[in-house]
Amino acid sequence: MNKQDSIQELFVLQQEIMKNVPGGDTPELMAHQITCGLG
7 MNKQDSIQEL FVLQQEIMKN VPGGDTPELM AHQITCGLG
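Residue 7 is where the sequence shown starts when you use the numbering used here, and the numbers rise one by one after that.
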């Protein structure tokens, strides 16, 4: 698995979490956290 695939997997996982957790973090914040996490 290359890095791009890993990023896509993370994005899909985050989207699934957002659907299942009412009042969760905003997509913008989640994206920011992912970006910072990948450095």
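Where is the CB? At the ideal position from N, CA and C, for every residue including glycine. This one's a predicted model, so the numbers in the text were calculated from it and none came from an experiment.
One Cα belongs to M36, the other to V18, and the distance between them is close to 12 angstroms. Straight through space, the alpha carbons of S12 and P33 are spaced by roughly 18 angstroms.
Taking a contact as a CB-CB distance under 8 angstroms, the pair Q20 and I40 counts as one, their CB atoms being some 7 angstroms apart.
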